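Going by my numbering, 84 is the number at position 83 of the sequence shown; the sequence numbering is gapless.
Here a beta-carbon is modelled for each residue, glycine too, at the ideal position from N, C-alpha and C.
If you're wondering where the values come from, they're calculated on a predicted model, not measured in any experiment.
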Amino acid sequence: MKVIHSCKPLKFPTPKDLQNAIELYLEYLKNENKPIEYVRCEGCFKRFSIDEEPVCDCSEPHYVHMYEDVKPGDMLRPSLYGFCAWAGIHRQTLSDYKHRKGYEEVYEWFLSILQADLEQILLNPGTRNIGGAKFVAINNYGWKDKVSVEHNGATPVTFVDDIPDED
């Protein structure tokens, strides 16, 4: 009996395909974090999306074009798991790419983007809770949260046997 192993085709056949996917993911995040654009009636304060026709019951409606920024806490940030979910792959699959020839540089480039974002969170004085960013940095990127001290060299030990007894 002959055993045939079938392999699933790679989602990103070349390193350039992976790089393009990462760039599309980053562009997607940029678009998701754009300010929300809408029209508001100053008479009755109704909101209308940019695509719909503003119709309200005011006698003299005055429409104002407005923008609402995405709150910092609601902004989507780049992440390994976020990219995997967006690309439709498992986290381990992305990790396996870094061991393939030619993909290492693209993977490391993506990690540097993610770590730069984490550094901005950790170094921003306005960030109230950096615990989550610190946890991600330690568990996903090999950062250390401890100090290790190494002692090298030999220190001679002298034994003194002729100490006089005092009564």
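In DSSP terms, what F49 is bridged to: V40.
Inter-residue Cα distance where the pair is R78 and Y26: Distance between the alpha carbons of R78 and Y26 is about 11 Å.
Length at least 4, wholly inside the segment 7-37: the alpha helix (DSSP H) runs in chain order: Assignment of alpha helix (DSSP H) within the segment 7-37, counting only whole runs of 4 or more residues, yields 16-33 in chain order.
Euclidean distance between Cα positions of C45 and E38: Our two residues, C45 and E38, have alpha carbons roughly 18 Å apart in a direct line.
Cβ neighbours of D75 in the same chain (closer than 6 Å, five flanking residues each side left out): Within the same chain, D75 has no close Cβ partners at all.
Entirely enclosed beta strand (DSSP E) segments - the segment 58-122, minimum 3 residues: Within the segment 58-122, the runs of beta strand (DSSP E) that reach at least 3 residues and sit entirely inside it are, in chain order, 64-69.
Nearest-angstrom Cα separation, counted from E33 out to R92: C-alpha separation (whole angstroms): 22 Å.
Burial state of L123 (16 or more Cβ within 10 Å): With fewer than 16 Cβ atoms within 10 Å of its Cβ, L123 is classed as exposed.
Proximity below 8 Å, CB of F13 to CB of Y98: Yes. Within cutoff.
Span of the alpha helix (DSSP H) around N140: Here the alpha helix (DSSP H) through N140 covers G132 to Y142.
Three CB pairs or more closer than 8 Å across the segment 128-142 and the segment 112-119: These segments touch.
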